[in-house]
Each structure stands twice: as C-alpha cells, then as structure tokens.
Amino acid sequence: MSVKDQNFFVNIAILFYNILYKKNSDVSTFSNNSDSLHISHSSILNEDVYISMQKDESIYHNLYIEQQLLSSIEHGDKETVLKYYYEFQQETLSSLSSFHQLRRHKNICISSITLATRYAIKGGLPSGIAYKIYDLHIQRTEDLKDKESVWDLLKNAFCTFADRVKAQKTQQHSQTIAICKNYIFKNIYNPISVKQLAKFANVNSDYLSILFKKEVGISLIEYIQR
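Just so you know, we're using the working numbering here: the sequence shown kicks off at 12 and counts up by one.
This is how it looks when you write it as structure tokens:
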C-alpha cells in the first residue's frame with residue numbers, strides 16, 4: 012500500500028475516532044515518526060468503539076447522514092450533497108462545544124475530504140484528478156484562521172467533487188454514444204441491431220437505448236433506420 016493510500020485510511024480512522032470519543036487527535040497523535048503512518052486497526056477501531064457505536068443512536072444517525080452525503084458525491088448529485096452537508100455540519104457542530112480548538116475542526120475537515128475523495132474515485136473520477144482536488148483543499152485548510160472558513164472550504168470540496176463526478180459521467184456517456192454513431196456510420200449499408208451495437212459498445216441493450224434517446228433526442232432504432 013502506498014504512503015498516500017495509508018494517509019487516506021489513517022484520516023478515515025481518525026475521523027471516526029474523534030467523533031466517537033470527542034477527541035482532538037490528528038495523525039501525529041498516533042504516529043511515533045512523522046515519516047511513518049503505521050497504525051494498527053485495533054488501536055482505533057477496537058471492540059470498545061464497536062460497542063459504543065451499537066449503543067449510541069446519535070452516532071448511527073450521524074453515520075447515516077455521512078453515508079448519504081458520500082453516496083451523493085459518488086453519483087455526482089450536488090443538490091443532495093448540499094442537503095446532507097448542512098445536516099452533517101449541524102450534527103457535528105452540536106457535538107462540539109464552542110471552546111473546541113480550531114485544530115479539531117480542521118481534523119474533521121481533512122478526514123471528511125479524504126472520504127469524499129474515495130467516493131469520487133468510486134463514482135468514476137480519475138484518481139489523478141481526485142488527488143489533485145484533495146491536495147489543493149488540504150493545503151488550503153491549514154492556512155485557515157477560523158472554523159467558519161474551514162466548514163466553507165469543506166462544502167466547496169464536496170461540491171467540487173460532485174461537479175467533477177457528474178462531468179465525468181456525462182463525458183463517459185457521450186463517449187458511448189460517439190462509439191455507436193461511428194459504428195453506424197461505418198456500417199451504413201449493413202444490417203445493424205441494437206443488440207449488436209450494445210455488444211460493440213460494451214453496455215446493456217436497454218441502457219443503450221435509454222441513453223441514446225436521452226442524449227440524441229430520438230430512439231436508437233429510428234436513428235439506425237435513417
């Protein structure tokens with residue numbers, strides 16, 4: 012596992028640890044060497060953590076909100092991302108006192124961006140682009156001077172991921188349609204079926220028909236017959 016991947020998993024673990032135990036921990040808390048990020052799963056996500064999660068309904072609610080938010084990022088749905096972002100912010104801030112240090116808010120922001128990056132990649136965003144967005148927002152986080160700015164940056168990161176995932180999905184769809192159109196053009200004097208096109212484009216026949224109608228404005232069969 013690369014050091015960058017280790018960093019991601021460490022930040023995810025720290026996010027849950029901080030929320031569950033209301034701590035103010037960062038990577039250095041669990042690392043004996045700043046150049047090494049080796050953390051045992053048992054030191055953070057141990058049996059006690061699991062039991063506390065089972066007993067605390069508020070934690071379950073927070074995790075549900077987080078899951079919905081991350082799923083929305085995966086699907087490129089910014090509107091839903093914003094809906095659950097505000098719920099996530101409210102739930103998280105309600106568990107923190109007004110005296111919590113800025114570092115605590117930054118740690119939550121960093122860990123949340125880490126999770127968002129993973130789900131953006133899962134949604135089809137190339138890892139190179141996702142990591143650049145991640146690095147940019149993490150660097151900016153460290154320069155912020157108040158918690159309001161930290162949460163605004165987190166919202167921006169979530170929305171950026173959602174927008175880029177949506178754009179990537181649209182691009183992929185257009186590529187599928189372009190492949191089909193090119194195939195039809197090259198075989199204009201030969202019999203062509205939807206099933207044949209779907210196989211060539213490596214997609215499901217029903218999915219291709221729906222997608223073609225959505226993007227081109229006419230049915231695939233009608234387009235072939237023209």
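Using N, Cα and C, we set each Cβ at its ideal position, and we do this for glycine too.
Keep in mind it's a predicted model, so treat the numbers as computed, not measured.
Proximity to K177 across F196, E159, P137 peaks at P137, based on C-alpha coordinates. Contact annotation: K89 and A173 have beta-carbon atoms nearer than 7 Å. Distance from Y130 to I84 at the Cβ level is roughly 5 Å; contact confirmed, criterion being Cβ atoms closer than 8 Å. Counting the other Cβ atoms within 10 Å of the Cβ of Y96 gives 16 or more, which makes it buried. With distances taken between CA atoms, K206 lies nearest to C191 out of I140, Y200, C191. Here the alpha carbons of W162 and V92 stand approximately 14 Å from one another.
Taking L155 as the centre and dropping the five residues before and after it, the same chain places the C-beta of V161 closer than 6 Å to its C-beta, in chain order. Between L126 and the set A209, Q78, Y200, the nearest pair of CA atoms involves Q78. Of the other Cβ atoms in all chains shown, 16 or more fall within 10 Å of the Cβ of S123; this residue is therefore buried. Taking the Cβ atoms as the reference, T187 lies roughly 6 Å from V214, within the contact range of under 8 Å.
Rounded to whole angstroms, the separation of the alpha carbons of G135 and Y142 is 13 Å. Ranked by Cα distance from Y194, the options I229, F211, E98 are led by F211. Measuring C-alpha to C-alpha distances from C170 to each of H116, L107, T128 identifies T128 as the nearest.
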